[in-house]
Amino acid sequence: MPNACPNTAPTPSLDEAILRLRARRETGDLRSEAEFSGLSVLNLARRAQALGRLGPCDVDSLVQGVVRLVDALPGTRGDRP
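As structure tokens, this is what we get:
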């Protein structure tokens, strides 16, 4: 029985996702709420994984969700009415 998580596309690792969000923050290409929320979720996932309370598939799902959400939002607040 394989231990691999079912995936349709490669997911960045937890550390890669955190680095990517930090890099976008430095270039100003990340909304402040996405920075706070995204980095918070990823850091909590890192801690839960270190405690053995979150498995690799769960971490991959969280990373994928955070990355997709942040990528879907523009870096500026110009999309608000």
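Residue numbers (my numbering): 3 to 83.
Quick reminder that beta carbons are idealized off the backbone N, C-alpha and C, glycines included.
These numbers were taken from a predicted model, which means no experiment stands behind them.
Here the alpha carbons of residue 48 and residue 67 stand approximately 15 Å from one another.
Under the three-state reduction of DSSP output, residue 75 falls in the coil class, being neither helix nor strand.
Straight-line spacing of the CA atoms in residue 33 and residue 17 works out to 20 Å. Under the DSSP assignment, residue 40 falls in the alpha helix (DSSP H) whose first and last residues are 34-52.
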